[in-house]
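J.: Residue numbers (my numbering), protein chains in the order written: chain A, 2 to 735; chain B, 17 to 366.
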Amino acid sequence: MTPRNSIWWKLPGVVIWMSAVGLLAAGYTAPAGLLFALLGVVTAFVLAGALEALPLRLGRLWLAAAGVMGLTVTLSAFLRGNSTVVGLLGSESVYAITEAENWFVGVVCWLTPVLLSARRFSLFLTVEAASLVGIFSSVLAAHRDGSIHRPFFVTDWLLERNYDPMPFFLGAGALLGILLVVWMLSRSSAKRTLLDPVLLIAMIVALFLFLPDGKLRQLSAFAGGAGGSEKDKKERPHHGGQGGKGEQQQDQNQNQDPNPSGGEGRKSFPVAVVSLHDDYQPPYGTFYFRQDTLSNYNGRRLVRDASGKLDTDVGMPFPAEPIEVPLRDRADTAPGGRERIAHRLRTTVALMTPHSKPFGLIDVSKLEPAPNPDAKRFERAYKVESIVLDADFGTLLNRSLGSEKWTPEMWQHYTEVPEDARYRQIAEQAKQLLPAHLRGIPIAQALAIKFWMDKNTTYNLNVPQVDEDADPVASFLFGDRNGYCVHLAHSAVYLFRTMGVPSRVSIGYAVGARQRGDGSTILIRNGDAHAWPEVYVRGLGWVVLDITPEKVITPPQEEKVDQDLQRMLGEMARQTPGSPKEENPPAGDGDLRKALLEAMQGLSKAMVPVLLFTLGALYLMKFWRRCEPRFCSPARLPVASYRAALDSLADLGLYRERGTSREAFARRVAERVPAMTDLTELHMRAALGPAVPRLGREQYLALSAAVARQAGHGMQWWRRLLGLLHPLSWWKVS
Amino acid sequence: MDPLSAPAPHPLTPAAEVARVLGSRLRAAIKGRDEVINLILTALFADGHVLLEDYPGSGKTTLAKALGESISDASGRHIAPFRRVQFTPDLLPSDITGVSIFDPPTGRFEFRPGPIFAHVLLADEINRTSPKVQSAMLESMAEKQVTVDNVTYPLDELFFVIATQNPRDLAGTYPLPVAQLDRFLFKINMDYIDRESEVEVLNTRRQRRSAPPDRLVSRDEVIVARQLIEQYVFVHPLINHCLVDTARNLRAHKKVLQGLSTRSLVLMIPALQSMAMLAGRDYVTPQDIYYLAPYVFGHRLVIAPGVGEMKKVVHECLAEPLEQLTRMTLAGQAPVATPPADPYPAGPVN
Chain A
2 MTPRNSIWWK LPGVVIWMSA VGLLAAGYTA PAGLLFALLG VVTAFVLAGA LEALPLRLGR
62 LWLAAAGVMG LTVTLSAFLR GNSTVVGLLG SESVYAITEA ENWFVGVVCW LTPVLLSARR
122 FSLFLTVEAA SLVGIFSSVL AAHRDGSIHR PFFVTDWLLE RNYDPMPFFL GAGALLGILL
182 VVWMLSRSSA KRTLLDPVLL IAMIVALFLF LPDGKLRQLS AFAGGAGGSE KDKKERPHHG
242 GQGGKGEQQQ DQNQNQDPNP SGGEGRKSFP VAVVSLHDDY QPPYGTFYFR QDTLSNYNGR
302 RLVRDASGKL DTDVGMPFPA EPIEVPLRDR ADTAPGGRER IAHRLRTTVA LMTPHSKPFG
362 LIDVSKLEPA PNPDAKRFER AYKVESIVLD ADFGTLLNRS LGSEKWTPEM WQHYTEVPED
422 ARYRQIAEQA KQLLPAHLRG IPIAQALAIK FWMDKNTTYN LNVPQVDEDA DPVASFLFGD
482 RNGYCVHLAH SAVYLFRTMG VPSRVSIGYA VGARQRGDGS TILIRNGDAH AWPEVYVRGL
542 GWVVLDITPE KVITPPQEEK VDQDLQRMLG EMARQTPGSP KEENPPAGDG DLRKALLEAM
602 QGLSKAMVPV LLFTLGALYL MKFWRRCEPR FCSPARLPVA SYRAALDSLA DLGLYRERGT
662 SREAFARRVA ERVPAMTDLT ELHMRAALGP AVPRLGREQY LALSAAVARQ AGHGMQWWRR
722 LLGLLHPLSW WKVS
Chain B
17 MDPLSAPAPH PLTPAAEVAR VLGSRLRAAI KGRDEVINLI LTALFADGHV LLEDYPGSGK
77 TTLAKALGES ISDASGRHIA PFRRVQFTPD LLPSDITGVS IFDPPTGRFE FRPGPIFAHV
137 LLADEINRTS PKVQSAMLES MAEKQVTVDN VTYPLDELFF VIATQNPRDL AGTYPLPVAQ
197 LDRFLFKINM DYIDRESEVE VLNTRRQRRS APPDRLVSRD EVIVARQLIE QYVFVHPLIN
257 HCLVDTARNL RAHKKVLQGL STRSLVLMIP ALQSMAMLAG RDYVTPQDIY YLAPYVFGHR
317 LVIAPGVGEM KKVVHECLAE PLEQLTRMTL AGQAPVATPP ADPYPAGPVN
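#1: Name the residues in the region 616-649 of chain A whose C-beta lies less than 7 angstroms from a C-beta of chain B; which are they?
#2: Quick check on the DSSP output: the beta strand (DSSP E) that includes Gln-274 of chain B runs from which residue to which?
#3: DSSP state of Asp-529 of chain A, grouped into three classes?
#4: Sort out for me which residues DSSP pairs Asp-293 of chain A with in a bridge.
#5: If you count every other CB in all the chains shown that lies within 10 Å of the CB of Gln-247 of chain B, and 16 or more means buried, which is it?
#6: Assign Ile-209 of chain B to one of two classes, buried (16 or more other C-beta atoms within 10 Å of its C-beta) or exposed (fewer than that).
#7: At a Cβ threshold of 8 angstroms, is Tyr-311 of chain B touching chain A?
#8: Using only the alpha-carbon positions, how far apart do Ala-645 of chain A and Ala-347 of chain B sit?
#9: Would you say the region 298-309 of chain A touches the region 538-548 of chain A, given that touching needs at least three Cβ pairs under 8 angstroms?
#10: For Ser-234 of chain B, which residues from the same chain have a beta carbon less than 8 angstroms from its beta carbon, with the 5 sequence-adjacent residues on both sides left out?
#11: Taking Cβ positions, are Met-284 of chain B and Val-312 of chain B nearer each other than 8 angstroms?
#12: Flag Asp-298 of chain B as yes if its beta-carbon sits less than 8 angstroms from any beta-carbon of chain A, otherwise no.
#13: Give the straight-line distance between the Cα atoms of Asp-455 of chain A and Ile-548 of chain A, rounded to the nearest whole angstrom.
#14: Straight-line CA distance for Ala-445 of chain A to Val-553 of chain A?
#15: Against chain B, does His-714 of chain A count as a neighbour if the rule is that its beta carbon must be under 8 angstroms from one of theirs?
#16: May I ask which residues mark the beginning and end of the beta strand (DSSP E) holding Phe-175 of chain B?
#17: By how many angstroms is the C-alpha of Lys-11 of chain A removed from the C-alpha of Asp-565 of chain A?
#18: Taking DSSP as the reference, what is the three-state secondary structure of Gly-245 of chain A?
#19: Does the Cβ of Leu-616 of chain A have 16 or more other Cβ atoms within 10 Å, making it buried, or fewer, making it exposed?
#20: Let me confirm a value: Asn-483 of chain A is counted as buried when at least 16 other C-beta atoms fall within 10 Å, else exposed. Which label applies?
#21: Check whether chain B comes within 8 angstroms of Ala-688 of chain A, counting only Cβ atoms and requiring the distance to be less than that.
#22: What is the rounded straight-line gap between the Cα of Leu-218 of chain B and the Cα of Arg-663 of chain A?
#23: Is it true that the CB of Ile-142 of chain B sits closer than 8 angstroms to the CB of Ala-80 of chain B?
#24: Hey, how far is the Cα of Gly-225 of chain A from the Cα of Ala-530 of chain A?
#25: Let me check one thing: in DSSP terms, what residues is Ala-709 of chain A bridge-paired to?
#26: Three or more beta-carbon pairs under 8 angstroms between the region 324-340 of chain B and the region 671-691 of chain A, yes or no?
#27: The beta strand (DSSP E) that contains Ser-276 of chain A, what's its start and end?
#28: Using a Cβ-Cβ distance under 8 angstroms, would Arg-659 of chain A count as near chain B?
#29: What first and last residue would you give for the alpha helix (DSSP H) that runs through Thr-681 of chain A?
#30: Name the residue from B:Gly-188, B:Met-293, B:Gln-274 and B:Leu-341 whose alpha carbon lies nearest to the alpha carbon of Leu-259 of chain B.
#31: On the DSSP bridge list, what partners appear for Lys-367 of chain A?
#32: Pick helix, strand or coil for Arg-381 of chain A, following the three-state DSSP scheme.
#33: Going by C-alpha distance, which of A:Glu-535, A:Tyr-298 and A:Ile-442 is nearest Asp-472 of chain A?
#34: Does the CB of Ile-95 of chain B have a neighbour CB from chain A at under 8 angstroms?
#35: Bridge partners of Phe-202 of chain B, per DSSP?
#36: Do the CB positions of Ala-707 of chain A and Ala-676 of chain A come within less than 8 angstroms of each other?
Laid out in structure tokens, this is it:
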């Protein structure tokens with residue numbers, strides 16, 4: 002006899018839980034978190050083993066676990082939110098520490114009580130099984146729905162080697178299934194039966210069959226913070242319309258893309274993929290994607306131009322057919338000149354979340370429709386032709402501002418400012434920075450303002466929300482000058498306009514050029530939403546003059562973009578719907594998804610009749626056992642009638658426990674079912690005694706009927722019905 | 017339903033009657049010991065002896081005396097119904113077996129039987145006497161005869177020994193080795209009786225001394241009952257399988273140093289039969305095995321030091337064969353015990 006509580010019997014459980022937690026953690030956390038989540042599984046099993054012997058109250062244990070969990074979450078939130086700690090340790094190590102802490106404590110606090118409870122109440126076995134099933138199927142469903150947070154390593158290495166991941170998946174699933182069954186059986190006491198694995202399989206099938214396709218993706222998008230979505234824009238037009246607090250500014254290097262979302266507890270998720278058709282390095286060090294622009298000062302703040310005559314380079318609908326954007330005076334893309342100022346660049350944008358308007362790399366000159374490469378993954382796609390700037394700031398100084406074609410009204414439109422003398426003061430102050438010979442040049446003045454703002458403002462995401470009535474720009478600029486891109490952009494524009502420089506605020510995404518890596522794909526995430534000031538330079542059009550404060554209070558959480566993810570999404574976006582697989586060997590994820598779905602559908606189609614057949618067979622068996630005493634031979638009569646009586650007791654949950662004798666069972670139920678005593682004696686005598694049964698069939702039938710009647714007496718009708726309908730109640734009868 | 021009280025007289029009826037009479041007499045004589053009485057009657061009908069392990073004053077003499085006095089002997093031989101021997105270190109074998117004495121009138125040696133010539137013998141504190149007395153005693157228990165001066169004298173067929181030993185006061189004793197304990201069918205550990213019974217013992221001490229409630233049972237009736245039980249209580253082959261499997265489990269058990277002998281299994285069968293008869297059945301059930309196993313097997317095992325519960329070990333090894341036996345009864349036709357064909361028949365190899 003092997004002792005069932007030895008370590009070997011626990012091993013399958015540890016392995017299963019480790020793989021489940023590992024899979025889950027791999028999709029959501031950093032390596033440190035993954036490592037500590039696995040450690041947490043082992044710790045939980047050790048803890049549960051140690052605590053098992055103690056007479057613990059389960060309720061208190063659960064409460065304690067919840068308390069510890071709450072403390073941990075609070076602690077990690079405090080660590081991430083506290084600028085001193087972050088400054089001291091560095092944001093990456095703080096992130097790693099808090100992730101490790103959260104995952105470790107989370108796993109321990111969930112798994113330990115579940116394991117302990119499962120050893121005392123069989124109900125919790127189901128809870129344990131359900132959480133396992135939940136984890137595995139969420140991972141599978143994530144793959145099915147192509148959601149972003151899924152452990153790509155599960156399939157990528159196969160896809161890269163040009164293998165079909167299907168057999169691997171099925172094999173791993175079968176292995177896991179076997180492990181689960183072994184595990185369930187290994188821990189089963191007399192009460193547990195094969196019912197558990199059956200239940201598990203049923204749950205998995207149900208999950209796959211009844212979870213609506215694609216819903217998970219939306220769910221995860223909303224759960225992830227929904228930063229760049231439509232909703233946020235409508236709620237906060239005041240802040241320039243993009244993503245509220247999620248905006249950020251570049252840091253000093255101007256080519257990084259700091260992601261502020263970490264501090265807010267928001268996950269970064271991709272919103273679009275842009276594929277460059279040609280290599281291009283922006284002179285600003287940043288790719289700016291303009292979606293909208295605010296140029297009209299309505300007496301209170303900057304709003305979108307409602308007339309439709311100005312700012313014609315934004316506000317186009319998504320292209321159903323090629324749209325020529327009425328552009329302006331960016332003259333020159335001709336390579337003939339001494340120095341190329343700008344050139345045309347084609348890009349393809351594939352949106353992953355809903356957007357109200359298209360955006361494109363500045364400056365957009367033409368929009369064309371493009372087929373959606375994968376309708377399950379992408380919202381839509383379109384092609385953009387942009388005229389991109391090659392010249393750097395040095396060339397700006399020679400140019401004048403505004404366009405010669407502009408009417409006075411247009412000049413007025415682009416230079417209108419609040420009537421507040423303080424703007425003039427600051428502008429004059431900034432002008433003093435310039436050497437005397439440059440003070441008269443408007444564009445130099447604009448640059449002076451940029452440099453002044455770089456020096457005198459502080460980048461800080463944690464700005465308290467000002468009330469609606471106050472002008473946020475004024476309270477920023479004349480207050481502590483703590484703010485983020487929206488404040489910076491508006492202040493800069495007001496100051497530019499005070500100096501007579503035509504300018505506006507544009508909204509869209511800004512992605513650091515370094516982030517692109519060496520690929521041709523730019524992954525835009527929700528955290529890349531940005532607002533920036535632009536000035537109109539004659540011959541060039543709207544030129545970005547972004548403010549990059551030297552002082553940064555909230556250190557932007559640097560979450561490096563996953564180059565693999567970026568490349569892979571780029572591959573997917575480039576794929577045309579009908580493209581044969583051979584042309585794009587590594588891009589088979591869509592095929593995988595389809596194959597998985599087909600396999601599941603096939604399986605479910607096969608499963609339904611199998612399940613029905615099994616159910617029918619079970620009922621037939623039950624029915625036959627119940628009425629066998631009517632048909633069997635006289636010699637078998639005692640056994641058949643006794644078994645029928647046992648079955649009817651089993652319907653009501655009365656079973657002989659393993660290791661107790663039949664007589665002891667009869668004594669146990671004697672008070673409620675006196676007839677059982679006689680029937681037991683008859684049975685035992687027939688089985689082990691010297692003579693054949695001395696009673697007739699009617700008497701046996703009457704006895705087993707009496708057992709059924711007495712057992713059911715005083716029970717609620719629904720309890721009896723439930724027992725009668727239970728297809729497997731006879732399974733445990735022995 | 018009770019097969020023994022069925023209209024047609026069952027062959028076991030006389031045995032059941034003897035058991036009833038003896039039971040009622042013993043129960044009247046001693047209160048709160050129904051379980052021990054049952055076991056002693058089982059041993060009596062199974063032709064075995066009993067070792068009681070208990071403290072002084074627990075009523076074992078009363079019990080043995082009541083049993084001895086309930087059995088009358090009409091054979092005319094002078095065999096005492098009951099004898100008690102207090103075993104001491106200076107006791108000699110002849111003190112219990114008897115001696116041959118020279119008789120001057122006849123000029124011959126005449127054998128004077130010792131206290132062992134009785135129907136029921138109470139051997140008190142058997143572990144206090146020297147090993148040679150113990151072995152003489154135990155041998156006579158097994159052989160049912162004594163040999164004095166090369167002459168063998170048979171004991172009565174109903175020879176029944178109730179031996180006792182005090183489990184606590186072990187100084188200056190000669191503990192019985194397992195081989196000698198094997199002569200006893202049961203070893204019963206008695207505990208203090210419950211409160212109500214003890215009160216009743218005090219309340220009824222007068223009546224118990226005076227009037228025994230029932231008739232006497234003759235010696236021959238007991239002998240016949242033994243034969244009837246052996247003949248008519250059915251032992252299913254599956255019961256034997258179960259016993260053998262249990263013994264094998266016990267032998268393989270990590271904490272058992274010495275397992276069961278085959279003889280102990282053989283002795284178990286009549287005990288089971290008697291038990292079944294006392295329960296009013298003419299067949300043996302798993303329940304009987306479960307109940308009797310600790311009493312029959314317990315003192316024949318040598319358990320590793322430090323294992324407290326002998327009973328637990330026995331039941332542990334019993335659980336699986338019993339469960340199997342119990343399940344077999346539902347499997348329809350229980351297989352008839354035909355020995356499997358021997359794949360390697362004995363005979364000349366070449």
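Quick reminder that beta carbons are idealized off the backbone N, C-alpha and C, glycines included. Source: prediction; values computed, not measured.
T.: On the basis of the coordinates in this document:
#1: Listed in sequence order: Arg-637, Val-640 and Arg-644.
#2: One-based indexing of the second sequence puts residue 274 of chain B at position 258. For Gln-274 of chain B, the enclosing beta strand (DSSP E) starts and ends at 272-274.
#3: As a first step, residue 529 of chain A is located in the first sequence; it is residue number 528 there, counting from the start. Here Asp-529 of chain A sits in helix by DSSP.
#4: Translated into the one-based positions of the first sequence, residue 293 of chain A becomes position 292. In the DSSP output, where bridge partners are listed per residue, Asp-293 of chain A has A:Ile-508.
#5: Along the second sequence, read from residue 1 onward, the residue named residue 247 of chain B stands at position 231. Counting Cβ neighbours within 10 Å, Gln-247 of chain B comes out exposed, since fewer than 16 surround it.
#6: For the purposes of this step, residue 209 of chain B is identified with residue 193 of the second sequence, where counting begins at 1. If you draw a 10 Å sphere on the C-beta of Ile-209 of chain B, you find 16 or more other C-beta atoms in it, and that means buried.
#7: Taking the second sequence and counting its residues from 1, the one referred to as residue 311 of chain B is at position 295. Output row for Tyr-311 of chain B: interface = no.
#8: By one-based count along the first sequence, residue 645 of chain A stands at place 644. By one-based count along the second sequence, residue 347 of chain B stands at place 331. Roughly 13 angstroms between the two C-alpha positions.
#9: Flag = no, the region 298-309 of chain A and the region 538-548 of chain A do not touch.
#10: One-based indexing of the second sequence puts residue 234 of chain B at position 218. Once the five neighbours on either side are set aside, the close Cβ partners of Ser-234 of chain B are Ile-87, Ser-88, Asp-89 and Ala-90.
#11: On the second sequence, position 268 is the one that residue 284 of chain B refers to. On the second sequence, position 296 is the one that residue 312 of chain B refers to. Cβ atoms of Met-284 of chain B and Val-312 of chain B: closer than 8 angstroms.
#12: Position 282 of the second sequence, counted from the first residue, corresponds to residue 298 of chain B. Chain A, which has a Cβ nearer than 8 angstroms to the Cβ of Asp-298 of chain B, makes this yes.
#13: Position 454 of the first sequence, counting from 1, holds the residue named residue 455 of chain A. Position 547 of the first sequence, counting from 1, holds the residue named residue 548 of chain A. Rounded to the nearest angstrom, the two C-alpha atoms are 6 angstroms apart.
#14: Counting from one through the first sequence, the residue named residue 445 of chain A turns up at place 444. Counting from one through the first sequence, the residue named residue 553 of chain A turns up at place 552. Answer to the nearest angstrom: the Cα atoms are 25 angstroms apart.
#15: Working through the first sequence from its first residue, we reach residue 714 of chain A at position 713. Not an interface residue.
#16: Working through the second sequence from its first residue, we reach residue 175 of chain B at position 159. Taken as a continuous stretch (DSSP letters only), Phe-175 of chain B belongs to no beta strand (DSSP E), as it is neither H nor E.
#17: Taking the first sequence and counting its residues from 1, one reaches residue 565 of chain A at position 564. Taking the first sequence and counting its residues from 1, one reaches residue 11 of chain A at position 10. In this model, Asp-565 of chain A and Lys-11 of chain A are separated by some 37 angstroms (Cα to Cα).
#18: Position 244 of the first sequence, counted from the start, is the residue given in the question as residue 245 of chain A. Interpretation of Gly-245 of chain A is limited by its pLDDT of 36, a score under 50 that renders its predicted location unreliable; the figure taken from the coordinates is listed afterwards. Correct three-state label for Gly-245 of chain A: helix.
#19: Residue mapping note: residue 616 of chain A aligns to position 615 of the first sequence, counting from 1. By the Cβ-count criterion, Leu-616 of chain A is exposed, with fewer than 16 other Cβ atoms from all chains shown falling within 10 Å of its own Cβ.
#20: By 1-based counting over the first sequence, the position of residue 483 of chain A is 482. So Asn-483 of chain A counts as buried.
#21: Residue mapping note: residue 688 of chain A aligns to position 687 of the first sequence, counting from 1. The beta carbon of Ala-688 of chain A sits closer than 8 angstroms to some beta carbon of chain B.
#22: As a first step, residue 218 of chain B must be located in the second sequence, where it is residue number 202. As a first step, residue 663 of chain A must be located in the first sequence, where it is residue number 662. Roughly 39 angstroms between the two C-alpha positions.
#23: Taking the second sequence and counting its residues from 1, the one referred to as residue 80 of chain B is at position 64. Taking the second sequence and counting its residues from 1, the one referred to as residue 142 of chain B is at position 126. No, Cβ-Cβ distance for Ala-80 of chain B and Ile-142 of chain B is not below 8 angstroms.
#24: For the purposes of this step, residue 225 of chain A is identified with residue 224 of the first sequence, where counting begins at 1. For the purposes of this step, residue 530 of chain A is identified with residue 529 of the first sequence, where counting begins at 1. For Gly-225 of chain A, the predicted structure reports a pLDDT of 41, less than 50, and the residue's modelled location is therefore unreliable. The matter cannot be settled from this model.
#25: Locating residue 709 of chain A in the first sequence gives position 708, counting from the first residue. In the DSSP output, where bridge partners are listed per residue, Ala-709 of chain A has none listed.
#26: With the cut-off at 8 angstroms, the region 324-340 of chain B and the region 671-691 of chain A do not touch.
#27: Within the first sequence, the letter at position 275 stands for residue 276 of chain A. It spans 271-277 - the beta strand (DSSP E) in which Ser-276 of chain A sits, taken as one unbroken run.
#28: To locate residue 659 of chain A, count along the first sequence from 1; it is residue 658. Yes, because at least one Cβ of chain B sits closer than 8 angstroms to the Cβ of Arg-659 of chain A.
#29: Here residue 681 of chain A corresponds to residue number 680 of the first sequence, with the count starting at 1. Where Thr-681 of chain A is concerned, the enclosing alpha helix (DSSP H) starts and stops at 676-689.
#30: Within the second sequence, the letter at position 243 stands for residue 259 of chain B. In this structure, B:Leu-341 is the residue among B:Gly-188, B:Met-293, B:Gln-274 and B:Leu-341 with its C-alpha nearest to the C-alpha of Leu-259 of chain B.
#31: Counting from one through the first sequence, the residue named residue 367 of chain A turns up at place 366. In the DSSP assignment, Lys-367 of chain A forms a beta bridge with A:Glu-325 and A:Glu-386.
#32: The residue labelled residue 381 of chain A in the question sits at position 380 within the first sequence. Note: Arg-381 of chain A maps to strand in three-state DSSP.
#33: Numbered from 1 along the first sequence, position 471 holds the residue referred to as residue 472 of chain A. Nearest C-alpha to Asp-472 of chain A among A:Glu-535, A:Tyr-298 and A:Ile-442: A:Tyr-298.
#34: Counted from its first residue, the second sequence places residue 95 of chain B at position 79. No, no contact with chain A.
#35: For the purposes of this step, residue 202 of chain B is taken as residue 186 along the second sequence, with counting starting at 1. Under DSSP, Phe-202 of chain B forms a beta bridge with B:Val-66.
#36: Position 706 of the first sequence holds residue 707 of chain A. Position 675 of the first sequence holds residue 676 of chain A. At the C-beta level, Ala-707 of chain A and Ala-676 of chain A come within 8 angstroms of one another.
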